[in-house]
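Novice: Following full-length UniProt numbering, the numbering of the sequence shown begins with 1 at its first residue and continues without gaps. Pasting a structure below so you can have a look.
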Amino acid sequence: MERKVSRRTGSYPIQDTDFFPHVDSRAQQTIADDNKSLRLPRTLRALNNSRNITNHPRTLVICLDGTGDQFDNDNSNIVNFVSCLKKHSPSEQVTYYQSGIGTYDKGGLKNGIGAAMDMAVGSGLGIHIKDAYNFLMQNYRDGDKICLFGFSRGAYTVRCLAGMLHKVGLLPASNVSQLNFAYNFYKNDTEDGRELAAGFKRTFCTHVEVYFVGIWDCVASVGFIPRRLPFSKSPTNSIRHFRHAMALDEHRAKFKVCQWQQENPGEHNPKRRGTVDFTPTGRLRRRFGVQKTPNMATNPQAINGKSNGYTNGHINGSEKRPTTQHSSDSQDSLERKFVAQDKARHRNRFFETDVLECWFMGCHADVGGGAVANENRHKLSHIPLRWMMRQCFECDTGILFNTSRLAEHGLDVQTLWPVYQKPTRPIAGPAPSVMAKYETNSLEPLYRRAAFLPIGPEEDQIKDQPSLERLGYVLLSEANEDYFDALEKCNDMLRIAKVWWILEVWPIKLRILNKSGDGWEKRVRLNLGRHRGIRDDSPSMHWTVQHAIDEGRYTLKTRCEKGVCWTEII
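This is the structure:
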């Protein structure tokens with residue numbers, strides 16, 4: 001049949017009414033002729049090419065949930081991700097799930113005042129880090145692939161865990177008595193602490209790599225009282241792949257996004273101005289000649305202790321002053337020294353981390369999940385969940401997924417195996433008949449998808465095979481699922497729960513654009529619902545964001561410099 005296409009302004013072409021609903025061609029073939037089609041295995045290994053793969057390394061998958069999150073009626077993407085993992089196969093994969101900060105402590109489940117305090121100040125952060133570290137101690141074997149996932153403060157905990165593994169290494173399973181010592185050496189951000197951690201790592205521990213870190217909307221601090229642990233923000237040389245899904249519409253004061261460490265925009269690009277610190281401490285530094293320490297990654301002399309004592313951080317052409325290290329910068333400086341010395345000892349095991357951070361529509365829980373009830377057919381959080389699952393395949397993590405569960409979350413599983421097929425930007429939106437089903441809330445539930453796919457041995461025949469037309473309403477393409485999910489409203493907690501405004505009138509340090517819009521300034525201000533600032537030269541947004549902008553139903557509220565060029569990610 002010839003395909004007829006009509007267009008409307010700012011939208012995908014719309015399929016004509018006499019065109020049956022879009023169904024992946026491979027899905028049509030597998031259902032129409034089951035015996036001739038390629039049947040999908042019940043378990044998929046996340047690889048680019050699954051052909052001729054034997055003796056793949058075992059995977060250790062650690063998933064840490066967000067503050068107060070656990071399995072309940074509005075699950076986060078961490079719980080949804082865990083539900084798709086293959087379990088009870090310790091020779092191939094071992095999984096670990098940890099509920100969020102505020103749900104338990106070393107004594108078990110937590111509630112009441114204890115839970116509130118944990119969520120407020122992050123008092124249980126160390127317990128969560130050590131529990132996940134202990135899981136690795138007890139299960140790691142040489143050659144295993146370590147994959148870490150987290151949401152919100154669980155994402156921050158994941159980065160702390162990766163930092164602890166980088167700084168002190170991994171203790172053997174038989175040496176649990178040294179776990180608290182290892183954590184204390186990790187926390188110690190003094191010069192002596194750096195030396196002791198390096199010695200402890202060489203004496204008791206094994207250097208391990210983290211193959212993949214996948215996080216949803218990592219927050220910059222744990223608890224209402226800001227707290228930062230070593231290597232929780234700065235990049236380390238022990239992570240192969242780093243993926244981060246971030247929320248464009250979150251604008252609460254205590255939910256500042258913690259991105260992969262960003263260099264000062266003006267440091268390497270003379271066309272962009274660097275950040276000028278107008279906070280009280282910043283003014284005192286300039287007044288008394290106290291400047292930030294030079295970036296060790298770009299100043300080899302500083303790494304070797306041969307810095308000339310000056311910094312290029314002067315303001316508006318003023319004369320350079322001798323550098324005096326300030327305490328707030330000492331942690332960054334010590335981390336860079338540690339990396340430099342570790343690299344000098346082990347040059348063969350260092351590599352550049354593959355980093356991709358992508359912005360999605362919605363607020364914090366719209367990206368990490370948990371904003372709406374589990375039974376809702378469409379959610380904004382489905383989009384970054386599917387994106388992260390696909391990143392596992394693109395990065396060759398080797399994670400084992402349950403095929404049916406992937407299908408039930410809206411993925412086109414036919415494109416994942418045996419050779420992974422990268423998605424492309426759809427050229428057409430849902431057919432009018434499918435749109436009519438959506439508008440009347442009569443689309444088939446997601447859990448029905450797996451029932452009509454050829455998954456498992458041939459004896460697992462599909463019963464009550466539907467007509468091709470009905471199949472189109474059951475097996476919507478992944479792009480159509482994304483399209484409908486992107487129509488959901490944002491769940492803004494400053495509107496839903498007004499109590500969050502208490503923190504919006506508390507003075508905090510903020511980065512704000514200068515009057516000319518070509519640079520950033522640090523100032524102490526009330527947040528007052530101010531949206532996030534994006535300092536990247538070329539930030540990435542998911543295609544659903546760009547499409548919503550093209551259709552005129554979404555406007556970017558984030559703060560960016562003039563001339564920022566967005567990159568679209570499929």
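Every residue gets a Cβ at the ideal spot worked out from N, C-alpha and C, and that includes glycine.
What does a CB cutoff of less than 6 Å around Arg240 pick up in its chain, not counting 5 residues either side in sequence?
Specialist: For the purposes of this step, residue 240 is identified with residue 240 of the sequence shown, where counting begins at 1. Counting only Cβ-Cβ distances below 6 Å, and skipping sequence neighbours, we find Tyr211.
Novice: Hey, quick one: how far does the alpha helix (DSSP H) through Phe71 stretch, first residue to last?
Specialist: Looking up residue 71 in the sequence shown gives position 71. Looking at the DSSP string, Phe71 is not in any alpha helix (DSSP H), and its letter there is neither H nor E.
Novice: Tell me whether the stretch 431–451 and the stretch 406–416 touch, counting them as touching only if at least three CB pairs, one residue from each stretch, are closer than 8 Å.
Specialist: yes
Novice: Check for me: the beta strand (DSSP E) holding Phe350 runs from which residue to which?
Specialist: Here residue 350 refers to the residue found at position 350 when the sequence shown is read from its first residue. Looking at the DSSP string, Phe350 is not in any beta strand (DSSP E), and its letter there is neither H nor E.
Novice: Between which two residues does the beta strand (DSSP E) harbouring His244 extend?
Specialist: To locate residue 244, count along the sequence shown from 1; it is residue 244. For His244, the enclosing beta strand (DSSP E) starts and ends at Ile239 to Ala247.
Novice: Can you round the beta-carbon distance between His56 and Gly398 to whole angstroms, since I take them to be within the 8 Å contact cut?
Specialist: Reading the sequence shown from its first residue, position 56 is the one you call residue 56. Reading the sequence shown from its first residue, position 398 is the one you call residue 398. Their Cβ separation, rounded to whole angstroms, is 5 Å, which keeps His56 and Gly398 in contact under 8 Å.
Novice: Using C-beta distances below 6 Å, list every residue in its chain close to Ala32, excluding the 5 sequence neighbours before and after it, in chain order.
Specialist: As a working mapping, residue 32 is identified with position 32 in the sequence shown. The predicted model places Ala32 with a pLDDT of 43, which falls under 50 and marks its position as unreliable; any figure quoted below should be read in that light. Excluding positions up to five away in sequence, the list is empty.
Novice: Run through the DSSP bridge pairs and tell me what Trp359 is partnered with.
Specialist: By one-based count along the sequence shown, residue 359 stands at place 359. DSSP, once it has assigned bridges, lists Met246 and Met541 as partnering Trp359.
Novice: Tell me whether Glu444 is buried or exposed, calling it buried when 16 or more other Cβ atoms sit within 10 Å of its Cβ.
Specialist: As a first step, residue 444 must be located in the sequence shown, where it is residue number 444. Label assigned to Glu444: buried.
Novice: So is Ala182 buried or exposed if we call it buried at 16+ other beta carbons inside 10 Å?
Specialist: Along the sequence shown, one-based indexing puts residue 182 at 182. So Ala182 counts as buried.
Novice: List the whole-angstrom C-beta distance separating Met137 from Val168, where the pair is believed to meet the contact cut-off of C-beta under 8 Å.
Specialist: As a first step, residue 137 is located in the sequence shown; it is residue number 137 there, counting from the start. As a first step, residue 168 is located in the sequence shown; it is residue number 168 there, counting from the start. Not really, about 12 Å apart at Cβ, beyond 8 Å.
Novice: Residue range of the beta strand (DSSP E) that Arg390 falls in?
Specialist: Residue mapping note: residue 390 aligns to position 390 of the sequence shown, counting from 1. Note, Arg390: premise wrong, no beta strand (DSSP E); alpha helix (DSSP H) at His382 to Glu394.
Novice: How many Å lie between Pro384 and Arg390 at the Cα?
Specialist: Position 384 of the sequence shown holds residue 384. Position 390 of the sequence shown holds residue 390. Straight-line Cα distance between these residues: approximately 10 Å.
Novice: Output the boundary residues of the beta strand (DSSP E) element that contains Arg525.
Specialist: Along the sequence shown, read from residue 1 onward, the residue named residue 525 stands at position 525. Here the beta strand (DSSP E) through Arg525 covers Trp520 to Arg525.
Novice: Which residue's Cα is closest to the Cα of Ala497: Asp412, Arg252 and Lys379?
Specialist: Indexing the sequence shown from 1 puts residue 497 at position 497. The candidate whose alpha carbon is nearest that of Ala497 is Arg252.
Novice: Looking only at its chain, what residues have a beta carbon closer than 6 Å to the beta carbon of Asp492, apart from the 5 residues adjacent to it on each side?
Specialist: To locate residue 492, count along the sequence shown from 1; it is residue 492. Contacts found: Cys363.
Novice: Only counting the same chain, and skipping five residues up and downstream in sequence, which positions put a Cβ closer than 6 Å to that of Ala155?
Specialist: On the sequence shown, position 155 is the one that residue 155 refers to. Within the same chain, Ala155 has close Cβ partners Ile215 and Cys218.
Novice: Would you report the Cα separation of Trp359 and Val564, rounded to the nearest angstrom?
Specialist: What you label residue 359 is simply residue 359 of the sequence shown in a count that begins at 1. What you label residue 564 is simply residue 564 of the sequence shown in a count that begins at 1. In a straight line, the C-alpha of Trp359 is about 14 Å away from that of Val564.
Novice: What is the DSSP secondary structure of Leu416, reduced to helix, strand or coil?
Specialist: Taking the first residue of the sequence shown as 1, we reach residue 416 at position 416. Looking at Leu416 - three-state DSSP - the assignment turns out to be coil, as it is neither helix nor strand.
Novice: From Thr353 to Ala162, what does the alpha carbon distance come to, in whole angstroms?
Specialist: Numbered from its first residue, the sequence shown carries residue 353 at position 353. Numbered from its first residue, the sequence shown carries residue 162 at position 162. When the Cα atoms are used, Thr353 and Ala162 turn out to be separated by approximately 13 Å.
Novice: To the nearest angstrom, report how far apart Arg159 and Lys562 are at their CA atoms.
Specialist: The residue labelled residue 159 in the question sits at position 159 within the sequence shown. The residue labelled residue 562 in the question sits at position 562 within the sequence shown. If I take the Cα positions, the gap works out to 31 Å.
Novice: Should Asn134 and Leu179 be called a contact, given that it needs their Cβ atoms to be closer than 8 Å?
Specialist: By 1-based counting over the sequence shown, the position of residue 134 is 134. By 1-based counting over the sequence shown, the position of residue 179 is 179. Going by C-beta atoms, Asn134 is nearer than 8 Å to Leu179.
Novice: Assign Ser442 to buried or exposed, taking buried as 16 or more other Cβ atoms, counted over all protein chains shown, within 10 Å of its Cβ.
Specialist: Along the sequence shown, read from residue 1 onward, the residue named residue 442 stands at position 442. Result: exposed.
Novice: Would you give the residue range spanned by the beta strand (DSSP E) that Lys145 belongs to?
Specialist: Within the sequence shown, residue 145 is the residue found at index 145, counting from 1. Lys145 -> beta strand (DSSP E) spans Lys145 to Phe151.
Novice: Output needed for Arg202: all residues of its chain with C-beta closer than 6 Å, excluding positions within five of it in sequence on either side, in chain order.
Specialist: The residue given as residue 202 occupies position 202 in the sequence shown. Excluding sequence neighbours, Arg202 sits near nothing in its chain.
Novice: Suppose contacts are defined by Cβ-Cβ distances below 8 Å. Is Val367 in contact with Ala245 by that definition?
Specialist: Against the sequence shown, residue 367 aligns to sequence position 367. Against the sequence shown, residue 245 aligns to sequence position 245. Taking 8 Å as the Cβ cut-off, Val367 and Ala245 qualify as a contacting pair.
Novice: With 16 as the cutoff for other CB atoms within 10 Å, does residue 571 come out buried or exposed?
Specialist: Residue 571 lies beyond the residue range present for the chain, which begins at 1 and ends at 570; the question has no answer from this structure.
Novice: Does Gly429 pass the burial test, meaning 16 or more other C-beta atoms within 10 Å, or should it be called exposed?
Specialist: Here the question's residue 429 lines up with position 429 in the sequence shown. When all chains shown are included, Gly429 counts as buried.
Novice: Helix, strand or coil for Pro322, going by three-state DSSP, please let me know.
Specialist: Stepping through the sequence shown from its first residue, residue 322 is reached at position 322. Its pLDDT being 38, under 50, Pro322 is placed unreliably in this model, and the coordinates cannot settle the point.
Novice: Run through DSSP, which three-state label would Val434 get?
Specialist: For this step, residue 434 is matched to residue 434 along the sequence shown. Looking at Val434 - three-state DSSP - the assignment turns out to be helix.
Novice: Would the beta-carbon of Ile146 fall within 8 Å of that of His128?
Specialist: Here residue 146 is taken as the residue at index 146 of the sequence shown, counted from 1. Here residue 128 is taken as the residue at index 128 of the sequence shown, counted from 1. No.
Novice: Rounding to the nearest angstrom, what Cα-Cα distance links Arg535 and Lys256 in this structure?
Specialist: Stepping through the sequence shown from its first residue, residue 535 is reached at position 535. Stepping through the sequence shown from its first residue, residue 256 is reached at position 256. Cα to Cα, Arg535 sits roughly 13 Å from Lys256.
Novice: Would DSSP call Glu551 helix, strand or coil?
Specialist: Locating residue 551 in the sequence shown gives position 551, where the first residue counts as 1. Coil.
Novice: Per DSSP, what kind of secondary structure is Asn441 in: helix, strand or coil?
Specialist: As a position in the sequence shown, residue 441 is number 441, starting the count at 1. Three-state DSSP puts Asn441 in coil, outside helix and strand.
Novice: If you run the structure through DSSP and keep just helix, strand and coil, what is Leu528?
Specialist: Position 528 of the sequence shown, counting from 1, holds the residue named residue 528. Reduced to three states, the DSSP call for Leu528 is coil.
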